[in-house]
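Residue numbers (this note's numbering): 21 to 436.
Ideal placement from N, C-alpha and C gives every residue a C-beta, glycine not left out.
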């Protein structure tokens, strides 16, 4: 577990050191740096074979619920963590559990115990000499007990989102279904942020949910300081999406050697509408999150080389592209061409359509005039900045080919 200071100290050991951070739930500051383009990000989304997601339940603490949860786990030969994070009252909590579930063999573990004693308790639990461990957050890291498949976390509202996810990960480390009980007081007694954290955790209990949870944590806590030590901070004033957009613009400006002006109006990209399916089908890629990430990467591609690299990556990862995927890449390519020559919108249907230019397009007006004169049956002016296109294009493939040739014609003239 490294904080901001420890990470910065490691960076000072050598100049230009490469730093690889491996985490289930990145803190808001780290995640924000990755989303903003200051750090590279890779997601390991494939779980170990036969691993099942941990079933997460939020409930008020009642003796009947605690007894039932422990007895159910013991009945299938498993073990239970009971997380009680107050060392002063942990022994009393263990005695109460012994009275509540007499057949349980209860042990206690916390950070203030002597090292040898703590080690012996953990070994006893690992070897199943005891089957209920009442413990503090000392079990949060480095504990791997495959037979422990139920955890009860008392006063779960006092823990952070990443910490709860980490604690939940102590169970379900084999092929058995595991259960995490988040025991809380009455909802009215909890803070608004605590309710949001718990709701996020309960709704995201599938495998590989850590990254999504971290984005929820970023929304709840704020992004922190990019150049300071604060790990979280308030971004409620403008909202996370706008904050991310400003950050991305600032990063791009600095990379280009310009002074960032994030408040300048952002240029709108060319709109391409060819009335054909242009998407990543769910029967090609079933993971919703992976599809959203790819849509964003395609939309943010700076040039044709980036699109080609992304296309190769998708074929390598998921197989040959179906037609809707090929259409998506073709439309993205047309969008890039349109932005370069000053096209605001291209709309093509079976009976033709319209092409609109921005206020000050890069393409020469004479080029467009010559195109209209040369092919007057197909093209006609519709106002100072619009072309009406009259052509039968019944098939989607025909519309795509026509749009590509038109853009190529305009771009080649623009290049000359």
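(request) Just grab the DSSP bridge partners of residue 80 for me. (result) According to DSSP, residue 80 bridges with 204.
(message) Output needed for residue 292: all residues of its chain with C-beta closer than 6 Å, excluding positions within five of it in sequence on either side, in chain order.
(response) Closer than 6 Å at the Cβ level, and outside the excluded window around residue 292, lie 351, 354, 355, 366.
(request) Quick one: residues in its chain with C-beta nearer than 8 Å to the C-beta of residue 295, no 5 flanking neighbours on either side, listed in chain order? (result) Cβ contact annotation for residue 295 (same chain, cutoff 8 Å, sequence separation greater than five): 368, 369, 370, 416, 419, in chain order.
(request) Starting from residue 292, trace the beta strand (DSSP E) both ways and give me its first and last residue. (result) 291-293
(message) For the alpha helix (DSSP H) containing residue 320, name the first residue and the last one.
(response) 308-320
(message) Short of 7 Å in beta carbon distance, which residues of its chain neighbour residue 111, apart from the five on each side in sequence? Order them along the chain.
(response) Excluding residues within five positions, the ones whose Cβ falls inside 7 Å are 128.
(message) If you measure between the beta carbons of residue 105 and residue 157, is that distance less than 7 Å?
(response) yes
(request) Following the continuous beta strand (DSSP E) through residue 170, name the residue where it begins and the one where it ends. (result) 168-174
(request) Label residue 13 either buried or exposed according to how many other C-beta atoms from any shown protein chain fall within 10 Å of its C-beta, with 16 as the threshold for buried. (result) Any property of residue 13 remains undetermined from this structure, which presents the chain solely from 21 to 436.
(message) By alpha-carbon positions, which one of 181, 359, 155, 381 ends up nearest to residue 321?
(response) 359
(message) Using a Cβ-Cβ cutoff of less than 6 Å, which residues in the same chain neighbour residue 407 once the five nearest sequence positions on both sides are dropped?
(response) 375, 399
(request) Would you grab the beta carbon distance between residue 161 and residue 100 for me? Rounded to a whole angstrom, and I think it's under 8 Å. (result) At roughly 19 Å, the Cβ-Cβ gap does not stay under 8 Å, so residue 161 and residue 100 are not in contact.
(request) Reducing DSSP to helix, strand and coil, say where residue 400 ends up. (result) strand
(request) Grab me the residues of residue 273's own chain with a C-beta within less than 6 Å of its C-beta, minus the 5 sequence neighbours each way, in chain order. (result) 280
(message) In whole angstroms, give me the CA-to-CA distance for residue 435 and residue 299.
(response) Only weak support is given to the placement of residue 435: the predicted model assigns it a pLDDT of 45, under 50, and the question is left unresolved by the model.
(message) Our contact map puts residue 380 next to residue 403 with C-beta atoms below 8 Å; I'd like the distance itself, whole angstroms only.
(response) That belief does not hold up - the Cβ atoms of residue 380 and residue 403 are roughly 16 Å apart, past 8 Å.
(message) Within 10 Å of its beta-carbon, does residue 247 have 16 or more other beta-carbons around it, so buried, or fewer, so exposed?
(response) Model confidence at residue 247 stands at a pLDDT of 46, short of 50, so the residue's coordinates are unreliable and nothing is read from them.
(request) Look at the alpha carbon of residue 64 and the alpha carbon of residue 333, and state the distance between them as a whole number of angstroms. (result) Each residue's CA atom was taken as its position, placing residue 64 and residue 333 some 16 Å apart.
(request) Assign residue 117 to buried or exposed, taking buried as 16 or more other Cβ atoms, counted over all protein chains shown, within 10 Å of its Cβ. (result) buried
(message) Give me, in chain order, the residues of the same chain whose beta-carbon lies closer than 6 Å to that of residue 290; leave out the 5 immediate sequence neighbours on both sides.
(response) 355, 358, 359, 363
(message) Please report the straight-line C-alpha distance between residue 69 and residue 148, rounded to a whole angstrom.
(response) 24 Å
(request) For residue 195, count neighbouring C-beta atoms within 10 Å of its own C-beta (all shown protein chains included) and say buried if the count is 16 or more, exposed if not. (result) exposed
(message) Taking only three categories from DSSP, how would you classify residue 26?
(response) helix
(message) Do residue 219 and residue 193 count as a contact pair if the criterion is CB distance below 7 Å?
(response) no
(message) Tell me the rounded alpha-carbon separation between residue 201 and residue 267.
(response) 38 Å
(request) Within the same chain, show all residues whose beta-carbon is closer than 8 Å to that of residue 311, passing over the 5 residues directly before and after it, in chain order. (result) 300, 302, 305
(request) Compute the Euclidean distance between the alpha carbons of residue 33 and residue 154, then round it to the nearest angstrom. (result) 40 Å
(request) Over the uninterrupted alpha helix (DSSP H) stretch that includes residue 223, give me the two end residues. (result) 212-223
(message) According to DSSP, is residue 363 part of a helix, a strand, or is it coil?
(response) strand
(message) Please report the straight-line C-alpha distance between residue 36 and residue 223, rounded to a whole angstrom.
(response) 41 Å
(request) Apply the 10 Å Cβ neighbour rule to residue 83 and answer buried if 16 or more other Cβ atoms are within range, or exposed otherwise. (result) Around the C-beta of residue 83, fewer than 16 other C-beta atoms lie within 10 Å, and the residue is accordingly described as exposed.
(message) By the DSSP assignment, the beta strand (DSSP E) with residue 182 in it spans what residues?
(response) Looking at the DSSP string, residue 182 is not in any beta strand (DSSP E); the run it does join, the alpha helix (DSSP H), is 181-188.
(message) Looking at residue 409: is its Cβ nearer than 7 Å to the Cβ of residue 373?
(response) yes
(request) Could you tell me which of 313, 297, 382 sits nearest to residue 344, measuring between CA atoms? (result) 297
(message) Tell me the residue span of the beta strand (DSSP E) that contains residue 411.
(response) Per DSSP, residue 411 belongs to no beta strand (DSSP E) and is neither H nor E.
(message) Can you find the residues in the same chain that come closer than 8 Å, C-beta to C-beta, to residue 339, ignoring five residues on each side of it along the sequence?
(response) Beyond the five residues adjoining it in sequence on each side, residue 339 comes within less than 8 Å, by CB distance, of 304 in the same chain, given in chain order.
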